[in-house]
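Quick note on our numbering: the sequence shown kicks off at 7 and runs consecutively.
Even glycine gets a Cβ: it sits at the ideal position worked out from N, Cα and C.
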Amino acid sequence: MIDIPRNILRPARYIGCEPNHVRKDPGDVTVRFALCYPDIYEIGMSYYGLFLLYEVANNVRGVWCERCFAPWADMEEHLRRSGTLLGTLESRTPLRAMDLVGFSLTYELNVTNVLNMLALGGVKIRAEERAGKAPIVIGGGPLMLNPKPYERFFDVIVAGEGDEVLRSLLETARDMKGEPRDSVIREMARLEGVYSPHIPSSRVKRLFVSDLDSAYHPVRPPIPTVDSVHNRLNIEISRGCGNGCRFCLAGFGYRPYRERSFEAVKAVIDEGLRHTGYEEISLLSLSSGDYPFLFDVLKYAKRTYRGLSVSLPSLKIGSIGKDEISAMGEMARTGFTFALEAPTGSLRSRLNKDIDVQALVAQLPHLKALGWRRLKLYLMVGFPWETDDDLLAIRDVITPFRAAGMDVNLSVSPFTPKPHTPFQWLPMDEENVLAEKIMVIKDALKKTGVRVRYRDTSVSVVEGIVARADERLASLFEHLHDRGVRLEAWREFFSFEPYRDWFEENSADMRAYTGGRDRAGRLPWDMVDMGLDGTFLGTELDKAGSGEMTVSCLAGCAACGLGCSLPQRTFRQERPEGVTVSDAAVRTAEAAEAPKKFTFRYGKYGDARYIGHLDVMNIIVRAMKSSGITMRTRGKYHPLPKIALTDALPVGVESFAEFIEVETGGGQRVEASTVRMINERLPSGIKIYEFIEGSLRDMVKEYLFLLIADAPVEDGPTLWRRAKDRFFYMWRGKGVKQLWMEGRFTRIIKVESKRIDGF
Ligand code: SF4
7 MIDIPRNILR PARYIGCEPN HVRKDPGDVT VRFALCYPDI YEIGMSYYGL FLLYEVANNV
67 RGVWCERCFA PWADMEEHLR RSGTLLGTLE SRTPLRAMDL VGFSLTYELN VTNVLNMLAL
127 GGVKIRAEER AGKAPIVIGG GPLMLNPKPY ERFFDVIVAG EGDEVLRSLL ETARDMKGEP
187 RDSVIREMAR LEGVYSPHIP SSRVKRLFVS DLDSAYHPVR PPIPTVDSVH NRLNIEISRG
247 CGNGCRFCLA GFGYRPYRER SFEAVKAVID EGLRHTGYEE ISLLSLSSGD YPFLFDVLKY
307 AKRTYRGLSV SLPSLKIGSI GKDEISAMGE MARTGFTFAL EAPTGSLRSR LNKDIDVQAL
367 VAQLPHLKAL GWRRLKLYLM VGFPWETDDD LLAIRDVITP FRAAGMDVNL SVSPFTPKPH
427 TPFQWLPMDE ENVLAEKIMV IKDALKKTGV RVRYRDTSVS VVEGIVARAD ERLASLFEHL
487 HDRGVRLEAW REFFSFEPYR DWFEENSADM RAYTGGRDRA GRLPWDMVDM GLDGTFLGTE
547 LDKAGSGEMT VSCLAGCAAC GLGCSLPQRT FRQERPEGVT VSDAAVRTAE AAEAPKKFTF
607 RYGKYGDARY IGHLDVMNII VRAMKSSGIT MRTRGKYHPL PKIALTDALP VGVESFAEFI
667 EVETGGGQRV EASTVRMINE RLPSGIKIYE FIEGSLRDMV KEYLFLLIAD APVEDGPTLW
727 RRAKDRFFYM WRGKGVKQLW MEGRFTRIIK VESKRIDGF
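Structure (structure tokens):
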């Protein structure tokens with residue numbers, strides 16, 4: 007049983023006993039792989055790519071893939087003070103004892119976390135200093151489309167989508183187990199899309215999955231034990247984007263546009279919900295409105311899973327019609343989010359952002375009729391062609407939305423030029439200019455009731471530096487690491503000072519990174535072959551200069567060089583003739599008519615004692631739903647299951663006397679086999695012991711707390727028993743949290759009074 011100091015915030019981040027986590031016998035596997043996400047648990051556990059790689063890796067014979075996240079500052083201090091190495095969640099094996107350590111880098115400000123995690127895990131930061139049994143450290147993710155700045159830290163780098171090549175990397179490690187480390191690295195570097203910075207090579211070819219429909223999709227994601235940022239079932243409906251927005255790395259770095267068929271998405275929804283019991287799904291796409299089966303998927307989800315919510319993280323204005331809005335209206339948990347990017351049509355033409363704001367305005371009455379009152383819009387500032395008139399025009403754009411009574415949240419971000427995009431050569435505005443432009447937007451929207459949020463401009467400058475960095479900046483990351491910089495994506499830990507210091511100390515010019523680039527010169531990221539025609543990006547930049555748009559890959563082909571136009575059109579499928587919903591599904595929906603109540607007694611013990619009360623509730627509700635219990639819900643737009651609980655138990659305190667009451671339809675049956683099924687879906691340390699058909703009132707009896715100490719406790723609780731050097735006390739009063747935090751008791755356990763002799 008893990009013992010986490012009581013002052014540690016959200017200790018459940020570190021216990022790793024979630025439903026669907028994978029545990030294997032170390033004696034049965036050949037390769038131990040630590041899949042690391044360089045941010046804290048709640049962020050990493052929201053990332054679809056992590057779940058995908060976790061399942062792909064664990065499906066490889068002889069491989070055990072475990073997860074590792076960056077610790078929060080309090081846990082880092084504890085690790086350092088206690089001399090404990092950072093290890094994996096599943097088995098707490100230190101990183102240095104693993105065969106492979108892989109990082110997925112998705113954000114520029116997380117690079118310092120990679121170095122910190124390696125150091126905390128007992129792994130040398132520089133690849134050249136690793137030898138013998140040291141793990142092979144692999145880098146992947148979007149940042150590796152410009153890998154030069156990170157080469158010093160990785161043994162092996164994957165350029166592009168890694169879900170298919172990961173299997174080959176793991177098989178190589180497995181088949182070559184016991185051979186010299188260098189030989190394994192050399193063999194890995196032979197794979198397409200993979201290279202080792204320490205073996206001379208020329209260019210590396212970017213990888214992408216050619217047939218998304220038959221590519222693996224995760225269906226058993228571990229369910230977070232701490233509410234993550236996006237705690238829901240992610241369904242990847244498409245990958246890449248055909249719109250060609252000229253500033254967008256995702257749009258150019260993940261070409262071509264590919265999608266999953268309606269049948270494939272349906273199967274993933276069914277299986278994913280069966281294994282998780284989630285009450286919300288998110289349809290992942292760079293532009294979900296472009297997905298041709300969106301309406302069909304929404305209709306299927308709505309008919310089949312009563313009370314299920316759906317979110318669409320990214321919508322292009324004008325890309326969804328009345329049907330989709332109606333279907334969303336009853337299922338969406340959050341408001342609609344649209345990327346406006348620039349206030350005026352002329353500026354948007356330069357960005358190749360083809361949206362129809364008037365179409366959205368025309369849809370406002372329909373949105374309102376369905377209960378929607380909130381819109382979130384994204385805007386960028388800092389494009390070279392931008393004028394004050396462009397910025398001031400934001401007021402005219404927003405006016406119809408406000409006049410229609412919509413709440414508008416506007417999120418403003420500075421433009422940072424990204425590699426491999428047509429804007430890769432453009433300069434980034436100076437920080438003071440960006441700040442002025444944001445103020446123009448804020449002033450223009452004064453007294454309109456629009457909530458304006460904007461990004462810290464110094465954060466954007468750092469993003470701009472890192473995004474277009476070269477190998478010289480490896481020293482910057484080491485300097486930051488030496489200064490204790492980490493967790494920079496969190497406002498309380500970000501500081502521009504150490505960056506400024508490095509540039510000053512090294513007489514380096516920051517503008518060399520944030521300023522314009524010579525179109526005739528070589529760029530650090532040219533070493534990654536994106537598969538694009540050598541002139542395509544330059545032509546796109548020229549067209550931006552003249553305000554000329556390029557056709558979307560969904561409507562034509564701009565001949566970018568990928569040569570995918572024919573297969574691409576084959577990928578796109580006709581809308582099905584109508585969606586059928588299975589009888590069983592309809593019966594499931596109809597079952598919830600006349601209500602019934604069931605109450606369950608459950609225990610929370612061992613490592614699970616660190617899971618918070620509400621998180622335990624969510625975990626149990628999901629396990630019940632995926633075991634076939636259909637709960638009645640309350641609330642039209644944000645349906646929540648009808649449940650009742652006993653008082654919250656302090657984090658760290660164990661219990662065998664917790665109760666949850668759920669309301670179901672009249673046809674619901676609960677049997678011993680149902681309880682067994684639920685227990686199979688619960689993490690170790692949470693278990694249902696018994697149930698009744700009835701309410702909490704009918705089941706909850708008297709309880710008390712058993713307190714265990716290693717030494718006599720002078721005041722307060724009543725001594726019950728003593729066994730060797732253990733002292734057992736009883737406590738019926740309030741203030742259990744205080745008793746736990748005082749630290750005099752090693753365990754506190756809530757039990758039913760009838761189970762304790764003499765009480
Ligand atoms: S080849 Fe044509 S359709 Fe394919 S990504 Fe390039 S521009 Fe788009």
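Span of the alpha helix (DSSP H), counted from its first residue to its last, around residue i
| i | result |
| --- | --- |
| Phe299 | From DSSP, Phe299 is part of no alpha helix (DSSP H); its letter is neither H nor E. |
| Ala717 | Ala717 -> no alpha helix (DSSP H), and no H or E assigned at all. |
| Leu279 | 268-282 |
Near the ligand ATP: residue i beta-carbon under 6 Å from a heavy atom
| i | result |
| --- | --- |
| Arg261 | In the structure shown, the ligand ATP is absent; the only ligands present are the ligand SF4. |
Own chain partners of residue i with C-beta closer than 6 Å, once the 5 adjacent residues on each side are dropped
| i | result |
| --- | --- |
| Phe711 | Trp737, Val742, Ile754, Lys756 |
| His485 | Trp508 |
| Ser6 | Look at the range of the chain in this structure, 7 to 765, and you will see that residue 6 is not part of it. |
| Asp396 | Pro349, Thr350, Leu353 |
| Phe429 | Arg252, Phe253, Pro423 |
| Arg578 | Bear in mind that the predicted position of Arg578 carries a pLDDT of just 42, short of 50, making it too unreliable to give a figure here. |
| Gly147 | Ser110, Leu111, Thr112 |
| Tyr695 | Arg607 |
| Leu91 | Pro100, Gly127, Gly128 |
Own chain partners of residue i with C-beta closer than 7 Å, once the 5 adjacent residues on each side are dropped
| i | result |
| --- | --- |
| Pro656 | Val742, Lys743, Trp746 |
| Leu289 | Ile241, Ile243, Val303, Val316, Leu318 |
| Tyr616 | Ile10, Pro17, Ala18, Ile21, Val657, Gly658 |
| His619 | Ala654, Leu655 |
| Asp751 | Going by the sequence as given, residue 751 is Phe instead of Asp. For Phe751, where only same-chain residues beyond five positions count, the Cβ hits under 7 Å are Leu713, Ile714, Ala715, Leu745. |
| Ile287 | Arg238, Leu239, Ile241, Ile275, Ala307, Leu314, Val316 |
| Ile14 | Asp80, Met81, His84 |
| Glu285 | Gly313, Leu314, Ser315 |
| Thr178 | Val190, Glu193, Met194 |
DSSP beta-bridge partners of residue i
| i | result |
| --- | --- |
| Glu669 | Lys603 |
| Trp431 | For Trp431, which the question treats as bridged, DSSP gives no partner whatsoever. |
| Arg316 | Strictly speaking, residue 316 in this sequence is Val, with Arg absent from that position. In DSSP, Val316 forms a bridge with Ile287. |
| Tyr222 | According to DSSP, which records beta bridges pairwise, Tyr222 is partnered with nothing at all. |
| Asp532 | Note: Asp532 sits in no beta bridge, so no partner. |
| Tyr54 | Paired residues: none, contrary to the question. |
| Ala650 | Glu667 |
| Ala345 | Tyr384 |
Limits of the unbroken beta strand (DSSP E) element including residue i
| i | result |
| --- | --- |
| Thr724 | 724-729 |
| Pro420 | 413-420 |
| Met736 | 732-737 |
| Val37 | 37-43 |
| Arg457 | 457-460 |
| Asn240 | 239-242 |
| Ala473 | Per DSSP, Ala473 belongs to no beta strand (DSSP E); it is in the alpha helix (DSSP H), 463-473. |
| Ile144 | 142-146 |
| Leu547 | Where Leu547 is concerned, there is no enclosing beta strand (DSSP E), although the alpha helix (DSSP H) it sits in stretches over 542-552. |
| Tyr384 | 380-387 |
| Glu686 | Here Glu686 belongs to no beta strand (DSSP E); instead the alpha helix (DSSP H) covers 678-686. |
| Ile692 | 692-699 |
Anticipated Cβ contact below 8 Å, residue i with residue j, distance rounded
| i | j | result |
| --- | --- | --- |
| Val274 | Val316 | With a Cβ gap of about 14 Å, Val274 and Val316 do not count as contacting. |
| Gly700 | Ala600 | Rounded, the Cβ-Cβ distance is 16 Å, inconsistent with contact. |
| Pro155 | Asp476 | 6 Å |
| Tyr60 | Cys71 | 6 Å |
| Lys610 | Ile692 | 6 Å |
| Asp360 | Asn249 | 7 Å |
| Leu702 | Pro25 | Not confirmed; about 24 Å, so no contact. |
Same chain, Cβ closer than 8 Å to residue i, five either side skipped, listed in chain order
| i | result |
| --- | --- |
| Ser189 | Met182 |
| Lys130 | Leu124, Arg136, Ala140 |
| Leu568 | Arg261, Pro262, Gly537, Leu538 |
| Arg575 | With a pLDDT of only 45 at Arg575, under the threshold of 50, the placement of this residue in the model should not be trusted, and no figure is reported. |
| Ser320 | Ser291, Leu292, Ser293, Ser294, Thr343, Ala345 |
| Glu392 | Ala348, Leu353, Lys443 |
| Tyr53 | Tyr43, Ser110, Thr112 |
| Met386 | Phe253, Glu347, Ala348, Val418, Ser419, Pro420, Phe421 |
| Gly138 | Arg187 |
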